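Chains as they are written, first to last, in my numbering: chain A, -7 to 218; chain B, 120 to 198.
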Amino acid sequence: MASPQPRIGVITYPGSQDDRDALWALAALDAEAVAVWHEERDLPDLDAVVLPGGFSYGDYLRCGAIAGFSPATAAVHEFAEAGGLVLGICNGFQILCEAGLLPGALLRNESLRFVCRDVSLIVERDDLPFTKRCTAGLPLVLPVKHGDGRYLPPPDLDPAQVVLRYVDNPNGSVGGIAGVCNEAGNVMGLMPHPEHAVDPLLGSDDGALLLASLVDAAREEVLTAI
Amino acid sequence: MRATVLVRPKPGILDPQGEAVGSALGHLGFEVRDARIGKVIDLEVEAADEATAKAEVEQMCERLLANPLIESYEVEIVG
């Protein structure tokens, strides 16, 4: 039997920018990428969900705050609580923090400058559905592009929830934290953009290691369901 | 009823905007030891009395207007 193609949803909020790149990258990595509009209160039948980057709802009040209450985010909440795989990238990470699905908050960059460049990242966890194709200790190169990426963990954050750290901290994140997961390990958020780095022509294809890990894990969900 | 909400970065939270403004004030010759930047949200709410209005606006703060990890808030009912 041919290996099944997992269905991975990408939510488009008003102001999302990287939804198309995420859909393109997931399709290139052999997933069926499904666009989901933010007003959908019920998700279609999906094996994983990606919250993309951008400036949802204009990032008014606080980045991700208003999107944290949109109908699709409520559906993502239920999906995650049932053990579904959820990845938030950049603004998607901010939304997951604001929605209470990930610990901590993302604040204005310490430099007050928007940073847009490639960064090196240390992989702390290579046992997650999002990182199984990575090797702990081997660096990844991914682009960042954000003005509000300074991660502030809650005082009681379990260090095991830190998935990625910057080699050279671009935004003043506490502990150089670039990506975290929830306690169960089925929800992850990161500020860098794996969907912009899936082809060597784009400067790096290290993002494919993260997204292909997600596609693998989503495929396992399909196989378990059969 | 009109309500004013003051949202502030919590003590200990690095506020680079406040630092930049404090330093700019220093360049203008003012002696500023500390500057912190928050926000003001003015609301017009429907409520029977002041206590009900305050309770409702406090709920708005808890759920959306402030992020309790990084911000504190004060609610004032202005009548």
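Cβ coordinates follow ideal geometry from the N, Cα and C atoms, glycine included.
All of these numbers come straight from a predicted model, not from anything done at the bench.
For residue i, collect the residues of the same chain with a Cβ closer than 7 Å to its Cβ; drop the 5 residues on either side in sequence, then sort them by chain order.
i: residue 56(A); result: 48, 83, 86, 87, 89 and 90
i: residue 180(B); result: 124, 192 and 194
i: residue 37(A); result: -1
i: residue 129(B); result: 189, 190 and 191
i: residue 194(A); result: 188
i: residue 146(A); result: 95 and 96
i: residue -5(A); result: 211
i: residue 172(B); result: 120, 122, 164, 166 and 196
I'd like to know whether the C-beta atoms of residue i and residue j end up nearer to each other than 8 Å.
i: residue 6(A); j: residue 32(A); result: no
i: residue 190(B); j: residue 126(B); result: yes
i: residue 104(A); j: residue 135(B); result: yes
i: residue 77(A); j: residue 121(A); result: yes
i: residue 71(A); j: residue 41(A); result: yes
i: residue 69(A); j: residue 94(A); result: no
i: residue 164(A); j: residue 102(A); result: yes
i: residue 79(A); j: residue 180(A); result: yes
i: residue 81(A); j: residue 14(A); result: yes
i: residue 175(B); j: residue 166(B); result: yes
i: residue 8(A); j: residue 46(A); result: yes
i: residue 174(A); j: residue 168(A); result: no
i: residue 159(B); j: residue 122(B); result: no
i: residue 61(A); j: residue 162(B); result: no
Closer than 6 Å by C-beta to residue i: which residues in its own chain qualify, once you throw out the five before and the five after it? Chain order, please.
i: residue 196(A); result: 133 and 189
i: residue 137(B); result: 154, 155 and 156
i: residue 125(A); result: 201, 204 and 205
i: residue 24(A); result: -3 and -1
i: residue 213(A); result: 39
Give the single residue among the options whose Cα lies nearest to the Cα of residue i.
i: residue 131(B); options: 130(A), 166(A), 159(A) and 158(A); result: 166(A)
i: residue 1(A); options: 10(A), 177(A), 13(A) and 35(A); result: 35(A)
i: residue 201(A); options: -4(A), 123(A), 24(A) and 52(A); result: 123(A)
i: residue 118(A); options: 156(A), 193(A) and 212(A); result: 156(A)
i: residue 108(A); options: 99(A), 183(A) and 78(A); result: 183(A)
i: residue 133(B); options: 98(A), 187(A), 138(A) and 148(A); result: 98(A)
i: residue 211(A); options: 39(A), 15(A), 106(A) and 4(A); result: 39(A)
i: residue 196(B); options: 183(B), 184(B) and 170(B); result: 170(B)
i: residue 141(A); options: 18(A), 172(A), 16(A) and 3(A); result: 172(A)
i: residue 178(A); options: 29(A), 75(A) and 4(A); result: 75(A)
i: residue 67(A); options: 16(A), 213(A) and 30(A); result: 30(A)
i: residue 106(A); options: 129(A), 96(A), 127(A) and 138(A); result: 138(A)
i: residue 16(A); options: 186(A), 209(A), 218(A) and 213(A); result: 186(A)
i: residue 144(A); options: 100(A), 28(A), 129(A) and 127(A); result: 100(A)
Please list, in chain order, all residues of the same chain as residue i whose beta carbon is under 8 Å from its beta carbon, the five residues on each side excluded.
i: residue 140(B); result: 154 and 156
i: residue 21(A); result: 190, 200, 203, 204 and 207
i: residue 131(A); result: 112, 113, 114, 115 and 159
i: residue 135(A); result: 108, 109, 110, 111, 184, 185, 188, 189, 195 and 196
i: residue 52(A); result: 58
i: residue 127(A); result: 115 and 118
Count the other C-beta atoms from every protein chain shown that fall within 10 angstroms of the C-beta of residue i, then say buried if there are 16 or more, exposed otherwise.
i: residue 176(A); result: exposed
i: residue 11(A); result: buried
i: residue 216(A); result: exposed
i: residue 65(A); result: buried
i: residue 18(A); result: buried
i: residue 151(A); result: exposed
i: residue 154(A); result: buried
i: residue 3(A); result: buried
>> Can you pull out the residues from the region 120 to 148 of chain B whose beta carbon lies closer than 8 Å to at least one beta carbon of chain A?
In response: 132, 133, 135, 136 and 139
> Going along the chain, which residues of the region 135 to 146 of chain A sit with their C-beta nearer than 7 Å to a C-beta in chain B?
Replying inline: So the close ones are 144 and 146.
> Taking any Cβ of chain A, which residues in the region 149 to 162 of chain B have a Cβ under 9 Å from it, in chain order?
Replying inline: Those residues of the region 149 to 162 of chain B that come within reach of chain A (Cβ to Cβ, closer than 9 Å) are 158 and 160.
> Just by C-beta distance, which residues in the region 82 to 113 of chain A are closer than 9 Å to chain B?
Replying inline: Going along the region 82 to 113 of chain A in chain order, one finds 89, 90, 95, 96, 97, 99, 100, 101, 102, 103 and 104 with a Cβ nearer than 9 Å to chain B.
>> To be precise: take each residue of the region 186 to 197 of chain B, compare its Cβ to all Cβ atoms of chain A, and keep it if any distance is under 9 Å. Which residues remain?
In response: 186, 188, 189 and 190
> Using a beta-carbon distance cut-off of less than 9 Å, what residues from the region 58 to 78 of chain A approach chain B?
Replying inline: 58, 60 and 61
>> Any C-beta of chain B within less than 8 Å: which residues of the region 41 to 55 of chain A qualify?
In response: 53 and 54
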